[in-house]
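Chemist:
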Amino acid sequence: MKFLIVLGFSVLCAGLLTLFSQIQDLLKYIFSLGALFTGIQFFKKYESRGMRIAFVITTIVLYFIFAVIYAIYLTIKAGPLPA
707 MKFLIVLGFS VLCAGLLTLF SQIQDLLKYI FSLGALFTGI QFFKKYESRG MRIAFVITTI
767 VLYFIFAVIY AIYLTIKAGP LPA
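Here the sequence shown is numbered in my numbering, starting from 707 and rising by one per residue.
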């Protein structure tokens, strides 16, 4: 059960951070605040050191995975490179 809780919070936080890093508008800061709020709520609710470390590491790994997936999506959407 703890694994699902950490994974859920991490997916939400990583998704918000991915949106923050990809959007070039003033709206991007709302996603940053959302990720910060999610992290604060997780740290308030779960005080064990192991769960906090797992949350941070999982969020970082998922952020990079989501960023790579988004980059691949943009590459496919752009089409083949001209010769």
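Backbone N, C-alpha and C define an ideal beta-carbon position, used for all residues, glycine too.
Looking at the secondary structure, which residues open and close the alpha helix (DSSP H) in which glutamine 728 lies?
Modeler: Its alpha helix (DSSP H) spans residues 708-728.
Chemist: Quick one: residues in its chain with C-beta nearer than 6 Å to the C-beta of phenylalanine 737, no 5 flanking neighbours on either side, listed in chain order?
Modeler: Closer than 6 Å at Cβ, skipping near neighbours: Leu722, Leu725 and Phe726.
Chemist: Take phenylalanine 709 as the anchor and find which of Thr764, Leu739 and Val774 has the nearest alpha-carbon.
Modeler: Measuring from the Cα of phenylalanine 709, the nearest candidate turns out to be Thr764.
Chemist: For glycine 745, which of helix, strand or coil comes out of DSSP?
Modeler: The answer is helix: DSSP assigns glycine 745 an H, G or I state.
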